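Just so we're aligned, residue 120 is where the sequence shown starts under this note's numbering, counting upward by one.
Yeah, the Cβ is synthetic: ideal placement off N, Cα and C, and Gly gets one too.
If you're wondering where the values come from, they're calculated on a predicted model, not measured in any experiment.
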Amino acid sequence: MKCSGQSNDASQSKIQANQTVPSGAAAYLIPDTPSQRTKSEAREDYNNSLHTILQDQEYSKAFKAKIESFVKAVIEDLLKYVQARDDQLNKLREKIQSTSALNEFEEQDFSVARNTSKGIPVSINGFVSVEHVKNTVNEAIAKIYETRVQAFKSYVKPYTKRIQQLKMPENYQPPKFQQFNGHADPRQHIAHFVETCNNAGTDGDLLVKQFVLSLKVAAFDWYIDLEVNSIDSWDDL
120 MKCSGQSNDA SQSKIQANQT VPSGAAAYLI PDTPSQRTKS EAREDYNNSL HTILQDQEYS
180 KAFKAKIESF VKAVIEDLLK YVQARDDQLN KLREKIQSTS ALNEFEEQDF SVARNTSKGI
240 PVSINGFVSV EHVKNTVNEA IAKIYETRVQ AFKSYVKPYT KRIQQLKMPE NYQPPKFQQF
300 NGHADPRQHI AHFVETCNNA GTDGDLLVKQ FVLSLKVAAF DWYIDLEVNS IDSWDDL
């Protein structure tokens with residue numbers, strides 16, 4: 120009986136040994152999912168980073184194109200303004216050459232706004248401020264225009280010698296006038312001009328000598344076409 124029991128135990132041990140899972144099947148029971156998940160996440164992060172870089176490049180191209188378009192438009196507008204002023208100077212030159220009263224000149228103070236240029240600042244992200252680009256272009260055009268104006272700064276006075284001999288008050292500082300182009304309301308411009316002159320300490324016929332400083336474009340053309348000695352008082356205007 121003992122031998123029979125020992126034989127049965129040995130048989131059961133062999134069966135259990137034969138039922139051991141082969142080593143090749145371990146891959147199916149213990150899948151390497153953590154490693155696979157890490158690779159997938161890394162691939163997704165790479166794709167997201169690449170997409171972000173491409174988006175930044177497209178934005179930079181669009182921003183650069185917008186800046187170039189803006190600067191081009193500003194330059195075109197300012198060049199048109201310079202051309203208009205050149206035409207006015209040419210008219211003045213022709214009028215001076217055609218009139219016999221060449222001694223009836225008065226130097227005209229053309230003030231060109233100029234701010235010291237400190238270069239175009241660039242932000243941390245490498246973008247240039249649109250406002251600074253505009254200011255820099257304005258400064259460049261103003262310098263070009265001022266150079267041209269210096270070659271011809273005189274105009275024929277339409278007012279009389281009496282007006283010319285009027286003295287401005289001591290320590291007089293020319294105010295900054297609003298510019299009238301001939302298309303806005305002239306009465307409103309006159310009212311503002313008189314008020315500005317009064318605040319600067321001038322009135323009466325002295326306004327005649329300053330009036331040209333408040334004109335531009337069509338209004339300036341009208342003024343320079345007036346006959347010499349045709350204005351002897353502020354009321355004549």
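At what residues does the alpha helix (DSSP H) containing Asn318 begin and finish?
305-318
Considering only the alpha carbon of each residue, which of Pro294, Phe312, Tyr200, Asn300 lies closest to Trp341?
Asn300
Considering Cα atoms alone, identify which of Phe339, Trp353, Tyr200 is closest to Leu325.
Trp353
Return the chain-ordered list of same chain residues with a C-beta closer than 6 Å to the C-beta of Ala144, the five sequence neighbours on each side being excluded.
Because Ala144 carries a pLDDT of 43, less than 50, the predicted location of this residue cannot be relied on, and no value is offered for it.
Status (buried if at least 16 other CB within 10 Å, exposed otherwise) for Tyr291
exposed
The alpha helix (DSSP H) enclosing Trp341, as first and last residue numbers
336-343
Among the residues of its own chain, which have a CB less than 6 Å from the CB of Pro294, if the five just before and after it don't count?
Thr315, Ala319
When the Cα of Gln298 is compared with those of Val347, Phe330, Asp206, Gln207, which residue comes out closest?
Phe330
Distance, Cα to Cα, Ala338 vs Val313?
17 Å
Please report the straight-line C-alpha distance between Glu346 and Val193, rounded to a whole angstrom.
37 Å
Rounded to a whole number of angstroms, what is the C-alpha to C-alpha distance between Val327 and Thr279?
10 Å
Let me know if Leu285 comes out buried or exposed under the rule of 16 or more other beta-carbons within 10 Å of its beta-carbon.
exposed
Nearest-angstrom beta carbon gap, Ile350 and Pro277 [assumed within contact, 8 Å]:
5 Å
Going by DSSP, which residues form a beta bridge with Tyr278?
Ile350
Going by the CB atoms, is the gap between Val336 and Ala184 shorter than 8 Å?
no
Report the rounded CA-to-CA distance for Met287 versus Lys180, giving the unit in angstroms.
57 Å
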